[in-house]
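S.K.: One structure coming up, written as structure tokens, with questions to follow.
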Amino acid sequence: AVRCLVVAAAGEKAFSAGADVTSFGDVTKSHRVWRMSRRTQDVFSRLANFPKPTIAAIQGYAFGGGCELGLACDFRVAAKRAKIGLTEVTLGLIPGAGGIARSVKLLGLARAKELVLQGLRLTADEALAIGLVTQVHENDAFPAAVKAFAEKLAKGPPIALRLAKHVLNRAADVPLEAALEAEAMAFGHVTSTEDIFEGIQAFMEKREPKFKGE
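Counting from 1 along the sequence shown, just add 247 to a position and that's the residue number in my numbering.
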């Protein structure tokens, strides 16, 4: 069973180049572009709500839609060579695949305005400093670092991780009281799993737990 999902590119130059912007110039296609935007938003929302931890392995350029793809993942791990940004405004466009909404939720309104309204292209270290990426690794060590992080997440308790992610995502969208209720319900559910007994037993025996998702 899948325990963790890594979104990565085959090469080193680019993580994702985003959409084909040459198709946006014809105003007669505006309705089709709107539909494409909504479809892409739906795909990225499905990724954001995927019930397992997700990692965007950003080894190269991630501009526009590529950055938006990364924002839909739980973690964004970047190589030193990576460049990232919501650069659409430099082409006379705006982000259309969730980049505006997700950057506001992740970074706050002021930071999101800096990124979007200027179309900034950030280095990996600059992105790390503002919280746009969660880890940065040297280029040569990057593949092994992503693999080790994914394996660490994959060893975690699947049910607890799924419920925690659900509550975290919900807490970002609902009032505090509704988020607290969701948290309490998830807490009650997770205490009935076999994994919690394995976790406690492993703690008492001073060993690594072996969670089965049961």
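The beta carbon of each residue, even a glycine, is placed where N, CA and C say it ideally should be.
Everything numeric in this text was worked out from a predicted model, so none of it was measured.
How many angstroms separate the CA atom of A429 from the CA atom of R417?
M.R.: Here residue 429 refers to the residue found at position 182 when the sequence shown is read from its first residue. Here residue 417 refers to the residue found at position 170 when the sequence shown is read from its first residue. So the alpha carbons of these two residues sit roughly 8 angstroms apart.
S.K.: Going along the chain, which residues of its own chain have a beta-carbon closer than 7 angstroms to the beta-carbon of A401, five neighbours each way excluded?
M.R.: Reading the sequence shown from its first residue, position 154 is the one you call residue 401. Excluding sequence neighbours, A401 sits near R250, C251.
S.K.: Is it true that the CB of L369 sits closer than 8 angstroms to the CB of L354?
M.R.: Counting from one through the sequence shown, the residue named residue 354 turns up at place 107. Counting from one through the sequence shown, the residue named residue 369 turns up at place 122. In this structure, L369 does not lie closer than 8 angstroms to L354 by Cβ.
S.K.: For L367, tell me which candidate among L338, A255, K459, A433 has the shortest Cα-Cα distance.
M.R.: Position 120 of the sequence shown, counted from the start, is the residue given in the question as residue 367. Selected option, being the one with the closest Cα: L338.
S.K.: Please work out which residues of its chain come closer than 8 angstroms, Cβ to Cβ, to K352, disregarding the five sequence neighbours upstream and downstream, and give them in chain order.
M.R.: Taking the sequence shown and counting its residues from 1, one reaches residue 352 at position 105. Only A419 meet the Cβ criterion.
S.K.: For the putative contact between Q448 and F389, defined by C-beta atoms under 8 angstroms, what is the C-beta separation to the nearest angstrom?
M.R.: On the sequence shown, position 201 is the one that residue 448 refers to. On the sequence shown, position 142 is the one that residue 389 refers to. That belief does not hold up - the Cβ atoms of Q448 and F389 are roughly 36 angstroms apart, past 8 angstroms.
S.K.: Can the beta-carbon of I331 be found less than 8 angstroms from the beta-carbon of A309?
M.R.: On the sequence shown, residue 331 is found 84 positions in, with the first residue counted as 1. On the sequence shown, residue 309 is found 62 positions in, with the first residue counted as 1. Closer than 8 angstroms, so yes.
S.K.: Do you know how far the Cα of R293 is from the Cα of D321?
M.R.: Residue numbering aside, residue 321 sits at position 74 when the sequence shown is read from its first letter. Residue numbering aside, residue 293 sits at position 46 when the sequence shown is read from its first letter. Each residue's alpha carbon lies about 12 angstroms from the other.
S.K.: With DSSP run on the structure shown, which of helix, strand or coil describes F389?
M.R.: Taking the first residue of the sequence shown as position 1, residue 389 is located at position 142. If DSSP states are grouped into helix, strand and coil, F389 belongs with the helices.
S.K.: Look up K453 in the DSSP assignment and say whether it is helix, strand or coil.
M.R.: The residue given as residue 453 occupies position 206 in the sequence shown. DSSP places K453 in coil when its eight states are reduced to three.
S.K.: Rounding to the nearest angstrom, what Cα-Cα distance links L408 and E461 in this structure?
M.R.: The sequence position of residue 408 within the sequence shown is 161, counting from 1. The sequence position of residue 461 within the sequence shown is 214, counting from 1. Approximately 12 angstroms, taken between the alpha carbons.
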